[in-house]
Structures are given as C-alpha cells and as structure tokens.
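Undergrad: Top line first, the protein sequences correspond to chains R and V.
If you count by my numbering, then the first sequence holds residues 3 to 162, one letter each, in order.
If you count by my numbering, then the second sequence holds residues 6 to 173, one letter each, in order.
We treat Cβ as the ideally placed atom computed from N, Cα and C, and that holds for glycine.
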Amino acid sequence: MYKDRRTLRVLGFLAAKGLLIVPWVRKFPGAKLRIPDVLWVAENVEPRVFEVLPAALLHFPATFLQKDRLPDDLRRVLRQMGGPVGIQEGARGIPAKNFRQWAEWVLPDRRTKPLSAQRILTKSFRFPRDIADGIRQQAARRGLSEGRYVEMLVRKDVGI
Amino acid sequence: MFDFGQILMAFDLRIEELNEKRREEEEPPYPKVEILLLGQMGLFAHPDHLQGRLHLVGTVDVDAILKGRYSLTTVFEEVLKQHGLRYDRDSHLVWIPPESTRTAIFETSRVKCEVLDPLYVLTSKAVKAKEKNRLLIREALAVYGRELEALIQKHGGDLEFFGSQGTS
C-alpha cells in the first residue's frame with residue numbers, strides 16, 4: 003500500500019503543499035489527483051488525508067479531477083466552508099474545528115490565502131453624490147470604514 | 006528526514022534575544038522552559054530514527070507540553086509557525102501511559118526538550134485513536150512485537166482491530 007502509485011502521488015502532493023509531513027515520499031507539487039484515488043488513500047493508507055482534503059480542495063481546486071465523486075459528507079464540509087457561517091459539523095469522526103483550522107492555515111504556497119482572507123472581495127459601485135456623502139458621514143459617525151458601514155446595512159437587510 | 010532540532014535551536018535563540026532585552030531592563034532571565042514532545046511529531050523527532058522503520062505521516066500539528074512562562078508558549082507557537090508547523094493548544098489532553106519513559110533531544114540553559122519514547126506514543130495512539138492509526142500500529146507491532154502488544158492490552162486497547170492475537 004505504501005508503494006502504491008496512488009499513495010505516492012496523493013501524499014506527495016499534500017506534503018509538497020505543506021498540509022502533511024511525509025518524509026518517505028518524493029514531493030509532487032504538480033500532481034493531478036482523481037478524487038476516487040484520494041479517497042482510496044484516505045481509507046486504506048492514511049486517514050489524515052480526510053482531515054486536510056477540504057482545505058486542499060479549497061486552495062488547489064484545479065489539482066483535483068472527478069470532483070463529482072466526492073462523498074456527501076465531505077461535499078457538505080466544503081459547501082459549509084464557503085458559506086456565511088463556516089464549517090459547523092464534522093465528518094468521518096473528524097471534528098469541525100479540525101477542518102476549520104486547515105482552511106485557515108497559512109500554507110507555504112504564497113498564492114493561497116486562509117479562508118477568512120478569501121472572503122474579502124473588492125467591489126466598486128457608483129452612487130449619486132448625496133448617497134456617497136451619506137455613506138461617508140454615517141460611517142464616520144459610527145467609527146467604521148465606508149465598506150464596513152455598507153456591510154452592516156446589507157447584513158441588517160439580508161438578516162445575516 | 007524531518008529535523009525538529011533546527012526548530013528547537015530557533016526557539017532557544019529567540020529566548021536568548023528576549024533574555025538580553027530583560028537584562029537591559031534589569032529583569033531576571035526567563036526560567037528554563039521544559040518541552041515534552043508527544044504524538045506524531047514525537048515519533049518524527051525521536052533519535053531512534055523511526056522514519057527508517059515506520060511509514061510515518063503527520064499533519065503539521067505539534068503536540069507538546071510546555072512547562073514554563075505562559076508567554077514562552079506564545080513564542081514557541083510563533084517559532085513553529087515560521088517553520089510551517091502549528092502548535093496544538095489541546096496537547097494537554099493527550100493521554101500519556103503512566104509508565105512512559107522519555108529521551109532528551111535538546112538542552113541548553115534556556116530550553117530542555119524531551120520526547121516521549123516511541124513505545125508509549127504508539128500505545129497512546131493504539132488505545133485512544135485506533136481508527137486514525139490503524140496502519141501505523143499494524144506496522145509498529147511488526148517492529149516492536151510483544152512489548153507493544155502487552156502495553157496495548159494492559160491499557161484496554163483492541164489488539165484484534167490491528168490484526169493481532171495478543172499475548173495471552
């Protein structure tokens with residue numbers, strides 16, 4: 003099992019990206035991994051792959067093929083990762099906090115960002131001058147940035 | 006090979022820098038901090054070089070019990086982070102078999118680090134986290150044999166789960 007090609011590729015990739023420590027495999031940062039192969043390794047060789055898989059899918063989506071083969075419980079974790087309240091439930095005996103911590107972990111690959119940093123998007127809007135002035139004044143009154151003030155209004159309106 | 010020694014050297018250097026500042030402010034240096042490495046990182050760091058005999062895999066979590074000033078725990082956490090590792094603040098929850106022995110791997114006037122010996126790390130994993138460590142323990146039973154079997158059995162572990170008949 004340890005010499006299986008799937009094992010060497012999956013663990014080699016996760017080691018290369020700093021999600022696992024695996025001294026006995028060659029790092030394989032450019033691997034393309036089929037989800038069924040990843041699941042096989044997690045089930046038969048190293049269960050810790052389950053723990054870091056959602057974070058790996060989040061940060062390196064293009065690495066993984068056949069994502070439709072992801073089981074429901076891990077798909078749920080991934081979906082909750084991208085949602086407004088974050089990961090609430092664990093899976094496969096792994097607590098939610100473990101999945102959260104790897105999603106927030108700063109990886110050596112500087113092209114990736116922790117989940118909470120990814121949620122900040124830049125938006126530009128055009129407003130009439132009186133609205134723009136109103137935002138600026140009300141934000142200042144509350145000690146908020148204009149962006150935070152608008153966020154507060156939207157959250158109130160949407161109910162989140 | 007995974008080398009924890011460079012992390013300990015970096016931690017020691019950081020404490021030395023902090024102690025230098027404390028001397029300038031006429032404060033006493035930090036008392037020596039003691040570290041007990043547990044878990045998978047303990048297996049990686051042990052001088053028995055298990056990396057050659059077992060197929061060790063770990064997340065970047067470090068299970069360690071620190072005895073010393075609380076502020077140095079934060080420093081340790083920062084040093085680990087700089088080396089791509091994460092300090093697990095739940096390390097105190099790791100079960101350590103009462104008869105465990107340990108081996109010193111690093112010591113200066115500022116830091117002493119010991120590592121739980123592999124037999125006891127493996128016993129703890131077999132008894133408290135068997136699903137996560139099934140393949141590792143099966144491999145370890147082939148290396149450590151009856152000594153490990155006896156410890157697992159003594160502490161209520163399920164040897165059959167690892168495909169072993171036990172020592173009875």
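In this structure, what does DSSP give as the bridge partners for V/Gly-89?
TA: In DSSP, V/Gly-89 forms no bridge with anything.
Undergrad: Pick out whichever of V/Gly-161, V/Leu-121, V/Ser-129, V/Arg-139 has its Cα sitting closest to the Cα of V/Asp-53.
TA: The shortest C-alpha separation from V/Asp-53 is found at V/Leu-121.
Undergrad: Does any residue of chain R bring its CB to less than 8 angstroms from the CB of V/Lys-135?
TA: For V/Lys-135, the answer is no, since every Cβ of chain R falls outside 8 angstroms of its Cβ.
Undergrad: Pull up the distance between the alpha-carbon of V/Glu-82 and that of R/Glu-53, whole angstroms please.
TA: So the alpha carbons of these two residues sit roughly 21 angstroms apart.
Undergrad: Quick check on DSSP: helix, strand or coil for R/Val-156?
TA: In this structure, R/Val-156 counts as helix in the three-state DSSP scheme.
Undergrad: Assuming contact is defined by CB atoms lying nearer than 8 angstroms, are V/Ile-40 and V/Val-99 in contact in what I supplied?
TA: Taking 8 angstroms as the Cβ cut-off, V/Ile-40 and V/Val-99 do not qualify as a contacting pair.
Undergrad: Taking the alpha carbon of R/Val-51 as the reference point, which residue from R/Lys-29, R/Gly-32, R/Ile-133, R/Ile-96 has its own alpha carbon closest?
TA: Checking every option, the nearest Cα to that of R/Val-51 belongs to R/Ile-96.
Undergrad: Is R/Arg-102 close to chain V? Criterion is C-beta to C-beta, closer than 8 angstroms.
TA: So no, R/Arg-102 is outside the interface.
Undergrad: Looking at the structure shown, is V/Ala-15 part of a helix, part of a strand, or coil, going by DSSP?
TA: Looking at V/Ala-15 - three-state DSSP - the assignment turns out to be helix.
Undergrad: Cβ of R/Phe-66 within 8 angstroms of Cβ of R/Leu-76?
TA: The answer is no: Cβ separation not under 8 angstroms.
Undergrad: So, for R/Ile-133: in the same chain, excluding its five sequence neighbours on each side, which residues have a beta-carbon less than 7 angstroms away from its beta-carbon?
TA: Result list for R/Ile-133: empty, nothing under 7 angstroms.
Undergrad: Buried or exposed for V/His-60, going by 16 or more other Cβ atoms inside 10 Å?
TA: Answer is buried; the Cβ neighbour count reaches 16.
Undergrad: In angstroms, rounded to a whole number, what distance separates the CA positions of R/Ser-126 and R/Arg-150?
TA: Computed Cα separation, rounded: 14 angstroms.
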